[in-house]
Amino acid sequence: MRTHGVARSIGLVATAALAFGAVGGASALSSIGGNISSSNGLELVTDRPEQSVPDPSDPNAGKPLNVLVMGSDERGGENGHEVAGVEGMRSDTTILLHVSADRTRIEMISIPRDSRVDVPACNTTNGKTTAPANTRFNAAFANGATVGGDVDSAAACTTQTVESLTDVFVDGFVVVDFAGFQNMVTAIGGVPICIPEAIDSPKADLQLAAGWQTLDGAQALGFARARYGVGDGSDLSRIGRQQQLLAATMNQVLSKNLLSDLGQIYGFVDAGTRSLTMSDNLSSIPSLAGLAFSLKGATSGNITFMTVPNAPDPKDPDAKVVWTSEADELWAKVRADEPVVAPAEEEPAPETAAEGGAGSTDGADAPSSSDGGATEGTGATEPTPVQTKEAGKEAFSAADETAQCG
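Per full-length UniProt numbering, residue 1 is the first one in the sequence shown, and the count goes up by one each step.
Structural data, given as structure tokens:
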């Protein structure tokens, strides 16, 4: 697993929350610069002294950062239950992105849209206030949009709700239109992903055979949005697929070395910034660049995807969920900037019996294999397959398997 640039690609992949905005803004400034006549005369200068380039500065250095990432969908249909009869702007995808103070951990916590929660009253841009209600979590976004009439109000109400429920300070937010995600996937040539069972979801216009598939932009969007005709039809199942898709997209970005290919990264960034809304305190290009640079040492094993612990709602078990006491423990860890999942303990390497010495207890002279497989003539067995994690229900890292396709 390649680890260089992981943090910056996570910023790109996690709906362009961090580094994506930085590079996108830089591209925008570059376009503005086109208004100025330029000269390439410096290319003629030779034998130049080495230029000193300072590392970008992270304005939030030394403190944790929490960014609320929301996927906005203004179309009806596949997203299932309407909120209070409201057609139009909704958010069926909400992720709290936590970056540790020491910049070694990135944790993405999905919040189920069907969580029954207390949504507080929210201020909107037109001066009106939404009414508080005990309802589905995604009513916060929809109600803010309906009363305020814009995405700013929708995002603010969702932020207000998250802070009220978790007591976690949200440093900023990012809202990405689903169409923008589709364009980003297209820009990188599709995303390879394991499909363990065939998918037939007419509502999402998605039909996929079982096995390894490379999803194009439209298929990736359908995969992220599909709820019926795939899995158990639950929102949690859909959350799991969204988490798998984010991890797979990240791995595709790394495998193609996209971050060092200016042509590819421009297409990726251009596709995403066309449908990106970011809180103004996050939209500073130098600040984002500094944050991205500070995350350069993060590894895929320290990038965690998980869902808020939940259980069926006793009042409506077939349609809603409620957060469990484990959710309280989760938010306490986020507030304390502690790992939300305990680091996996490394298992000791299995000993290989010495050739011809089945009863030997001393492995010092046991033959070894340089490729980790069975050693010829020893009868050693292949390593036990990696246990997959159930995305959407179990926490997993970007280095874990969540499906097997052979």
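Note that beta-carbon positions come from the ideal geometry of N, C-alpha and C, so glycine has one too.
Measuring C-alpha to C-alpha distances from T104 to each of L65, V162, D118, G211 identifies L65 as the nearest.
Shown here, Q213 sits in a strand according to DSSP, grouped into three states.
Contact between G71 and S237 is ruled out by a C-beta separation of about 16 Å, above the 8 Å threshold. Contact between W331 and T159 does not hold, since their C-beta atoms are separated by about 15 Å, which reaches or exceeds 8 Å. Contact between V334 and S115 fails: their C-beta atoms lie close to 16 Å from each other, not under 8 Å. Residue range 90 to 99 is occupied by the beta strand (DSSP E) that includes D92. Of all C-beta pairs linking the region 176 to 194 to the region 210 to 224, three or more are shorter than 8 Å, placing the two stretches in contact.
Selection N134, T125, T135 evaluated against G144 yields T125 as nearest (Cα-Cα). Each residue's CA atom was taken as its position, placing A140 and T129 some 12 Å apart.
Beta-bridge analysis with DSSP links W323 to N310.
Bounds of the alpha helix (DSSP H) holding S153 are 151 to 166. Check the Cα spacing between S255 and each of S300, D318, V99, V151: the tightest is with S300. Looking at the DSSP output, I195 shares a beta bridge with G211. Under the criterion of beta carbons closer than 8 Å, D171 and V69 do not qualify as touching, at roughly 12 Å. Short of 6 Å from the beta carbon of H98, and not among the five residues preceding or following it, lie these beta carbons of its own chain, in chain order: N66, E107, V334. When the beta-carbon positions are compared, F305 and F396 come within less than 7 Å of each other. Setting aside the 5 residues that flank it on each side, E326 is surrounded in the same chain by P309, each with a C-beta closer than 8 Å to its C-beta; the list follows chain order.
About 6 Å separates the beta carbons of N138 and S91, which is inside the 8 Å limit, making them a contact pair. Going by DSSP, G392 is part of no alpha helix (DSSP H) at all; its letter is neither H nor E. When DSSP reads this structure, G172 sits in a beta bridge with V67. Shown here, I188 sits in coil according to DSSP, grouped into three states, outside any helix or strand. If you ignore the 5 residues before and after V175, its C-beta comes within less than 6 Å of the C-beta of M70, S72, V151, A155, T277, all in its own chain and listed in chain order. With respect to D337, S100 sits close: the two C-beta atoms are nearer than 7 Å. In the structure shown, the three-state DSSP call for N123 is strand.
Here the alpha carbons of F178 and V185 stand approximately 11 Å from one another.
Residue pairing from DSSP leaves E338 without any beta-bridge partner.
The alpha carbon of K389 has as its nearest neighbour, out of Q244, A298, A121, the alpha carbon of Q244. Partner residues in the beta bridge of D200, as assigned by DSSP, are Q207.
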